[in-house]
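Notes follow the structure.
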Amino acid sequence: MATLPKAFLLDDPVFRAHAPSGYHPERPERLWAAEAALKTLEGTVAWQTVSPRPISLEEAARAHDPAFLEALLGQDGEAGFLDPDTYLAARSVDVARRAAGGVTDLVAR
């Protein structure tokens, strides 16, 4: 019997509650759409939901300048724009850390 291809969906309540002001492509509806699409593939893809962990600062510093990370952490809990394209909601730093930690763990599998 053939093994089904695998897919993973990183999911956490903070992802589903993360709703930036106005329109932004990174929004809860994308997660719901991904989950709905995976459900249509049941039987052809072995998928599972994975709960992510926050990435450590040490891990994040492998890809990002530590000064940038410290500046980002300094805005934790605040809302506003980092730059014209990057909006922060109150939980954005937590969401980003969990997303990065989850991806890091999935790559290590």
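For the sequence shown, the residue numbers in this note's numbering are 7 to 115.
Beta carbons are placed, not taken as given, at the ideal position from N, Cα and C, and that holds for glycine.
Open item on the list: For the stretch 24 to 42 against the stretch 68 to 76, do three or more pairs of beta-carbon atoms, one drawn from each stretch, fall closer than 8 Å, so that the two count as touching?
Closed with: No: the two stretches stay apart, fewer than three of their Cβ pairs being nearer than 8 Å.
Open item on the list: Looking only at its chain, what residues have a beta carbon closer than 7 Å to the beta carbon of Tyr-93, apart from the 5 residues adjacent to it on each side?
Closed with: Here the set comprises Pro-26, Ser-27, His-30, Phe-87.
- [ ] Please classify Thr-9: does DSSP put it in a helix, a strand, or coil?
- [x] Secondary structure at Thr-9: coil, using DSSP grouped into helix, strand and coil.
Open item on the list: In the DSSP assignment, the beta strand (DSSP E) including Leu-88 goes from what residue to what residue?
Closed with: For Leu-88, the uninterrupted beta strand (DSSP E) run begins and ends at 86 to 89, by DSSP.
- [ ] Assign Glu-48 to one of three DSSP states: helix, strand, or coil.
- [x] Strand at Glu-48.
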